[in-house]
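As they're listed, the protein sequences go chains S and C.
In this text, residue positions in the first sequence follow my numbering: the first is 54, and each later residue adds one.
In this text, residue positions in the second sequence follow my numbering: the first is 1217, and each later residue adds one.
Where a beta carbon is used, it is the ideal one built from N, C-alpha and C, also for glycine.
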Amino acid sequence: MKPVLKKQSDAELFALYAAGEEAAFREIVSRYKNGLYAFLRNFLNQQDMVEDVFQETFLQLFTSRDSFDTSRPLRPWLFTIAANKAKDALRKQQRTAAIPIGAIADSQEMSFDDVLNTLTSDSTMPYEKLEESEITSRVRQIIADMPENPREILILAYFNKFSYKQMAQILSIPIGTVKSRLHTAVGRFAKEWKAAFGSKKTK
Amino acid sequence: MSVLNNQQKQLLFDYCLGLTSEEATAEAEQLISSNEQAAEIHAKLKTALSPLKSLESESCPDDLAEGTIWRLNNLARSSQLRLEQLLASEQARSVTDKSRFWRNLGEMVATAAVIVFVAGVLIAPLNFARQKSRQQACLMQLQRIGQGIKSYSDDHDGQLPAVATTMGAPWWKVGYQGKENYSNTRHIWLLVKGGYVNPADFICPAASQSRALQLDPSQVQNYNDFPSRKYVTYSFRIRCVKPGEESTGGRKVLIADMSPLFEKLPDDYSEPFKLQLNKDLLTLNSINHKRRGQNVLFCDGSTIFVKMRRVGALEDDIFTLQDTDIYEGIEVPSRETDAFLAP
């Protein structure tokens, strides 16, 4: 890989990417692969689907190169494509498979105070006793069982650290909706975690 | 301890999720250290979100990244290849230009077919109408000639226009300007010379080859006959053996459209003329009206278009002599009832 590409801005790099330069493909994939992979891994929770959407996202970035406004940052654009592709993949799957109960469960909005009320005041962390692999799988399961909207926003915010404005762009929703969805997502996760932990403790 | 407002709570929320700017981060930390409620909220949120940390460490497998780059290269190559193929085919097409040629040819053929069809539909009635109008114009000319003859006759004690002829002298030499009266048209030429009939009236409007021929009136007096066959496309009655027996009355045929027997006359007047009748010459109508028939002027000045050559109660063929098959241009009818129009 040409070292000079590492210093180039996203816009300059994208011009080479659009021209079909292999070095540019490498650099852009390398810049965004981890963030995108983590987002898809958490959002989709199915390895084959994650890999498909991951590749499709970069291919789509190339095929729709003419529609990208190079004056705007590349990362939110890439995640917009990824989020749409991921949702398409889920919908395609849901047409053929049973819908998990969590996905259609209540997605009622929670106020900030509602969120705080669901949080435990217990500062001790009982799940520390659990093995790390078990924690990981349990967290993954909780996230996977969340409805699509809060799951998506929680991942974009917590793991990918997008700003409210960028998330609003990626999801094509107002900033206010982004905030309220994020509150709901955090509150929901805390509630589910507490429930899961409780079930563990009773064993 | 002051109660936190919603904005401060939101700040703490963003701080715990790592969404705050540097400035906001400092503000949040300051709030947590100075406010008990803020510290409590921070602790709760931190506890709630801490399990999520277990998922953070996952990074993209190398083979997935490599596979993606491989597919991107393939896509770029195929799109480049496709573009080149399109360009090549476009260039190849403009060079040969074959399809355009055939398309243009097809359009031209289609247009031509439409034109031919429309023409086919329109030309027949138009032709018919044109023929009809020319036939009518020809009839009017014959009537004017008839009136000219009548005027001449009135001016000359009831005599028809006639020049002196001798038995056995040729009558076919139309255009001969010598002293001898060797043309049957010389009688009629008297009408032109005397100003009774316009010379243009002797050219049938339907006779294609004679159109636009104009005889200068100042030259008329220099001629003893029509200048040539082109200036007269009618055939005239050959006088009977005994000129004195001729009369102006009755239903005798006087003039008709050009005889089919004498369409072609020798240019050289010294050559002998000989014509053997055949089946065609016995049945053909005048060439003037495309063999459809001929206009006829009778002695009484009446005119008619007849589709047959046989006219009158006796059904006499106006273009032939009875009992004569060979013509040498000197024959005359032996009876007044045997009409013979020539040349």
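Within chain S, the residues that residue i reaches when beta carbons sit closer than 7 Å
i, result
"Leu1288 (chain C)", "Phe78, Phe111, Leu112 and Phe115"
Interface flag, residue i vs chain C, CB-CB below 7 Å
i, result
"Leu69 (chain S)", "no"
"Gly229 (chain S)", "no"
"Leu58 (chain S)", "no"
"Trp246 (chain S)", "yes"
"Leu172 (chain S)", "yes"
"Asn202 (chain S)", "no"
"Lys86 (chain S)", "yes"
"Glu65 (chain S)", "no"
"Lys218 (chain S)", "no"
"Lys145 (chain S)", "no"
"Lys214 (chain S)", "yes"
"Gly155 (chain S)", "Here Gly155 (chain S) scores only 46 on pLDDT, less than 50, and its place in the model should not be relied on; the value that follows carries that caveat. It does not: the Cβ of Gly155 (chain S) has no partner Cβ on chain C nearer than 7 Å."
"Lys253 (chain S)", "For Lys253 (chain S), the pLDDT reaches just 46, beneath the cut-off of 50, and the residue's location in the model is therefore unreliable, although a value from the coordinates is still provided. Output row for Lys253 (chain S): interface = no."
CB contact below 7 Å: residue i versus chain S
i, result
"Glu1274 (chain C)", "yes"
"Ile1248 (chain C)", "no"
"Leu1271 (chain C)", "yes"
"Ala1244 (chain C)", "no"
"Lys1262 (chain C)", "no"
Beta carbon of residue i nearer than 7 Å to that of residue j
i, j, result
"Pro1433 (chain C)", "Cys1354 (chain C)", "no"
"Leu1268 (chain C)", "Cys1232 (chain C)", "no"
"Arg191 (chain S)", "Ala248 (chain S)", "no"
"Arg1619 (chain C)", "Leu1557 (chain C)", "Coverage of chain C is limited to positions 1217 through 1559, which leaves residue 1619 (chain C) absent and any answer about it impossible."
"Gly240 (chain S)", "Val168 (chain S)", "yes"
"Asn1501 (chain C)", "Leu1358 (chain C)", "no"
"Phe212 (chain S)", "Ala91 (chain S)", "yes"
"Pro1549 (chain C)", "Cys1456 (chain C)", "yes"
"Thr171 (chain S)", "Ala243 (chain S)", "yes"
"Leu58 (chain S)", "Ala76 (chain S)", "yes"
"Met13 (chain S)", "Leu209 (chain S)", "No statement about residue 13 (chain S) is possible, as the shown extent of chain S runs from 54 to 256 and does not include it."
"Asp1516 (chain C)", "Gln1538 (chain C)", "no"
"Phe1489 (chain C)", "Trp1388 (chain C)", "yes"
"Leu1228 (chain C)", "Ile1257 (chain C)", "yes"
"Val1413 (chain C)", "Ile1361 (chain C)", "yes"
CA-to-CA distance, residue j to residue i, given in whole angstroms
i, j, result
"Gly1384 (chain C)", "Phe1333 (chain C)", "57 Å"
"Ile81 (chain S)", "Asn95 (chain S)", "21 Å"
"Leu1497 (chain C)", "Tyr1543 (chain C)", "12 Å"
"Leu1431 (chain C)", "Ala1416 (chain C)", "7 Å"
"Ser62 (chain S)", "Glu104 (chain S)", "27 Å"
"Val1330 (chain C)", "Leu1338 (chain C)", "12 Å"
"Ala158 (chain S)", "Asn1290 (chain C)", "Legend: pLDDT at Ala158 (chain S) = 46, less than 50; position of this residue unreliable, value from coordinates given subsequently. Approximately 42 Å, taken between the alpha carbons."
"Asn1440 (chain C)", "Ile1404 (chain C)", "11 Å"
"Ser1275 (chain C)", "Arg84 (chain S)", "12 Å"
"Gln1301 (chain C)", "Ala68 (chain S)", "23 Å"
"Leu66 (chain S)", "Asp101 (chain S)", "29 Å"
"Val1379 (chain C)", "Val1408 (chain C)", "14 Å"
"Ala1292 (chain C)", "Asn87 (chain S)", "23 Å"
"Ser1270 (chain C)", "Ser117 (chain S)", "35 Å"
"Lys214 (chain S)", "Glu1238 (chain C)", "14 Å"
"Asn202 (chain S)", "Pro129 (chain S)", "17 Å"
"Val1527 (chain C)", "Ile1534 (chain C)", "7 Å"
"Leu1247 (chain C)", "Thr1236 (chain C)", "14 Å"
"Thr1401 (chain C)", "Ala1326 (chain C)", "54 Å"
Test: residue i CB closer than 7 Å to a CB of chain D
i, result
"Tyr211 (chain S)", "Of the protein chains in this structure, namely S and C, none is chain D."
Cross-chain neighbours of residue i in chain C, by beta carbon under 8 Å
i, result
"Thr189 (chain S)", "Ser1270 and Leu1271"
"Ala142 (chain S)", "Within 8 Å Cβ-Cβ: nothing; Ala142 (chain S) doesn't reach chain C, min ~16 Å."
"Arg193 (chain S)", "Leu1271"
"Glu205 (chain S)", "Here the premise fails: no neighbours, minimum Cβ distance about 15 Å."
Residue i: contacting residues in chain C (beta-carbon distance under 7 Å)
i, result
"Leu224 (chain S)", "Ordered by position in chain C, no residue passes the 7 Å Cβ test against Leu224 (chain S), which lies about 15 Å from the chain."
"Leu169 (chain S)", "Ile1257 and Lys1260"
"Ser120 (chain S)", "By Cβ distance, chain C contributes nothing, its closest Cβ being about 15 Å from Ser120 (chain S), past 7 Å."
Interface partners of residue i on chain C, CB under 9 Å
i, result
"Ala243 (chain S)", "Lys1260, Leu1261, Thr1263, Ala1264 and Leu1265"
"Ser233 (chain S)", "Going along chain C, no residue has its Cβ under 9 Å from Ser233 (chain S), so there is no contact; the nearest lies around 11 Å."
"Glu75 (chain S)", "Ile1285, Leu1288, Asn1289 and Ala1292"
Q.
Counting only Cβ-Cβ distances shorter than 8 Å, please list the residues of the region 90-112 of chain S near chain C, keeping chain order.
A. Listed by position, the residues of the region 90-112 of chain S near chain C (Cβ gap below 8 Å) are Tyr90, Ala91, Arg94, Asn95, Glu104, Phe107, Gln108, Phe111 and Leu112.
Q | Interface residues of the region 1280-1308 of chain C facing chain S [CB-CB below 8 Å] | A | Under the 8 Å Cβ criterion, the region 1280-1308 of chain C contributes Leu1280, Ala1281, Gly1283, Thr1284, Ile1285, Arg1287, Leu1288, Asn1289, Leu1291, Ala1292, Arg1293, Ser1295 and Gln1296.
**Q.** Interface positions of the region 1225-1240 of chain C facing chain S (Cβ-Cβ less than 8 Å), listed along the chain
**A.** Per Cβ criterion, the list reads Lys1225, Gln1226, Phe1229, Leu1233, Gly1234 and Leu1235.
Q | Proximal residues, the region 1311-1336 of chain C versus chain S, C-beta separation under 9 Å | A | Residues are counted here when their Cβ sits less than 9 Å from a Cβ of chain S; for the region 1311-1336 of chain C the count is zero.
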